[in-house]
Each structure stands twice: as C-alpha cells, then as structure tokens.
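One structure is given here, and the rest of the page talks about it.
Number of protein chains: 2
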Amino acid sequence: MKEIAHTPKPPYFAVIFTSKRTDFEDEYADVAEEMFRLASIQPGFLGVESADDGLGITVSYWASLEAIQAWKRNERHMMAQDRGRADWYREYKTRVCKVERDYEYEAD
Amino acid sequence: MKEIAHTPKPPYFAVIFTSKRTDFEDEYADVAEEMFRLASIQPGFLGVESADDGLGITVSYWASLEAIQAWKRNERHMMAQDRGRADWYREYKTRVCKVERDYEYEAD
C-alpha cells in the first residue's frame, strides 16, 4: 500500500478520497484493511495509494466509471461507508476524475 | 494545508503528485513551503491537499489545463523540480486529471 501505483497508460480514472477522522478508532483499521483487500479484487481496479498524517488522502485508480460505480455500490463497501459516516469520519470529500496524462521519475 | 480543499463545482482539474523521498532532507521543508505558497498565488489555483506518512501524496486543484502548464513552467518551480530529482525524490509519479464530479460529508 505504501508504493506508487503502477497504472497503465492514460486515460483511466481516479477517485480521490480526502478525509479527516474523528477520535473514534474502534475497528477502523480492520475495516480499512478489508476495504483495500476487497477493492483490489474488483473488476477494473488498477491500484491504490494512501497516506495519512492527520489529513488522510487515498487515491484509487480504475479502468472505467462503471467500475467505480460498481465498487461504490458493493454491499460490504456500502456498510463500511455508513459506518464511516456514523463513527470514523468528521469530514470527507470524494472526487471522481479522469486521468488524462501522467509522467514519472525514478532515480538511477 | 491540513484541511480538505474547498473547491468549486466540477469540472475542474487536479494534479496528483505521489512521491517517495530519499533520506536527504536538506532544505526540502523550506522549498516545499515556498512551493505551496507560490502555487497558491498562481492564476487558476483552487486549492491543495497534502499528506505524507512515508508515501507522499499532494493533490493540487486548478481551474484549467493552461493554469497547470503555466505552474509547471514557473521558473522557481522548475528549479525546485530539478532539485527534487537531484536530491529529494527517489521516485515520483504525476497524474493530470479532470475532476468530473465530487461529493462530500461533514458531521453535524
């Protein structure tokens, strides 16, 4: 999870999920782990990147908008989203994007 | 910087910059701070979100692709980019995206 995602050539899609958490931690880590695992086996999943240092940013990459919709409506994911609003998140914003181009650098 | 960006209604644009750093820290924080400050006064800048817990993710938001290009070619920013490749980044990936829709949640 702590690697830069190896995504294919654009175009593809990204979901930027930015969040601020409450102080309530119960079961958060377990459910987050389950969601990463479950997302990674969905059709059209291309990769995920995540960092949290007080502000949480998770970017997941997808082959199509249909794949994003299907994941949003996944039953376990919907339960986690409800629980997130009830317990874990003070605030979040989700942005659905089309990745139009990308470039990268890797040191020798 | 540790807040969720208040962006306008889509469409707008996002630059997702994901990075892994070297152990070399000299001047990194100062230059990063300067770049946040400088970006925020560019035409078309809409906001920025950043988190780093070993993987760094910075997402900046822009009104147009032209605004993104102009910032990429800003002279101070180009110097910082060169320095970043020489010293601070082991690896990074930049993705230029069009934000097509967004939704948000805020606890009562």
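Same order as they appear, the protein sequences are chains P and A. Under the working numbering, the residue at position 7 of the first sequence is numbered 7, and the numbers go up by one with no gaps. Positions in the second sequence are counted from 1; adding 1000 to them yields the working numbering. A virtual CB, placed ideally from N, CA and C, is assigned to each residue, including glycine. Since we're looking at a predicted model, the values are computed, not measured.
- Nearest neighbour of A29 of chain P by Cα position, chosen from P:G47, P:P8, P:I41 and P:D52, turns out to be P:D52.
- Ranking A:N1074, A:R1085, A:R1021 and A:P1008 by CA distance to the CA of I1057 of chain A puts A:R1021 first.
- For A1070 of chain A against Q1042 of chain A, the beta-carbon gap comes to about 7 Å, under 8 Å, which counts as contact.
- By the Cβ neighbour-count rule, S19 of chain P is buried, with 16 or more other Cβ atoms within 10 Å of its own.
- Counting only runs of 3 or more residues that sit fully inside the segment 1045 to 1091 of chain A, the beta strand (DSSP E) segments are 1045 to 1052 and 1056 to 1062, in chain order.
- Taking a contact as a CB-CB distance under 8 Å, the pair A80 of chain P and G47 of chain P does not count as one, their CB atoms being some 20 Å apart.
- For F1013 of chain A, the enclosing beta strand (DSSP E) starts and ends at Y1012 to R1021.
- I68 of chain P has a beta carbon lying at 8 Å or more from every beta carbon in chain A.
- Taking 8 Å as the CB threshold, E1027 of chain A stays off the interface with chain P.
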